[in-house]
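Data block below; observations after.
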Amino acid sequence: LVAPGVTELTLADNSVQGIPVRIDAPSLFVADHFPWPNPATDLSELSFSYRLSRASEGSGVIKVFNLLGDVVVENSIYYDANPAVPNDGLLPGMNTIPWGTLGGGGVSLSSGVYIYQITVYDEGSTGPDSQVTGKFAITR
Numbered sequence: 014l015v016a017p018g019v020t021e022l023t024l025a026d027n028s029v030q031g032i033p034v035r036i037d038a039p040s041l042f043v044a045d046h047f048p049w050p051n052p053a054t055d056l057s058e059l060s061f062s063y064r065l066s067r068a069s070e071g072s073g074v075i076k077v078f079n080l081l082g083d084v085v086v087e088n089s090i091y092y093d094a095n096p097a098v099p100n101d102g103l104l105p106g107m108n109t110i111p112w113g114t115l116g117g118g119g120v121s122l123s124s125g126v127y128i129y130q131i132t133v134y135d136e137g138s139t140g141p142d143s144q145v146t147g148k149f150a151i152t153r
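FYI, in our numbering the residues of the sequence shown are 14 to 153.
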């Protein structure tokens with residue numbers, strides 16, 4: 014590198030030219046996602062775990078759907094290091110979000126199979142950068 018963001022290129026006539034090089038940040042994606050325990054019971058505290066590829070000042074959301082496709086839970090996910098700042102961003106590596114088994118209004122979800130969706134948005138993105146889905150069961 015000649016300077017940050019510039020690399021040297023030797024041309025066929027042996028002249029050297031500086032070429033600007035743009036290096037984009039690695040993509041933001043979710044991997045290794047799972048709810049735990051699965052199946053969940055009345056006595057269990059259900060958590061969603063996922064691995065995030067890199068830190069981001071963006072945000073995310075976990076949605077839980079019943080088998081009719083209705084959203085029964087929607088929770089924002091972000092790292093909150095400073096309570097004065099509502100969204101400090103997303104942390105890289107393994108993350109766990111405790112949830113329990115309560116739906117909207119604090120009512121326990123009934124026994125059955127549910128679909129979850131984890132979506133992350135990078136800072137300034139116009140759409141989701143990564144979205145994964147899975148299923149879990151609740152037994153009462």
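Ideal Cβ placement from N, Cα and C applies to all residues, glycine included.
For the 8 Å CB-CB criterion, S69 and N108 do not form a contact. The continuous beta strand (DSSP E) containing N88 extends over residues V84 to I90.
For T146, the closest of F78, N88, S57 and D135 by C-alpha to C-alpha distance is F78. For D45, the enclosing beta strand (DSSP E) stretches over residues V43 to W49. Between G73 and V133 the beta-carbon gap is near 4 Å, inside 8 Å, which marks them as a contact.
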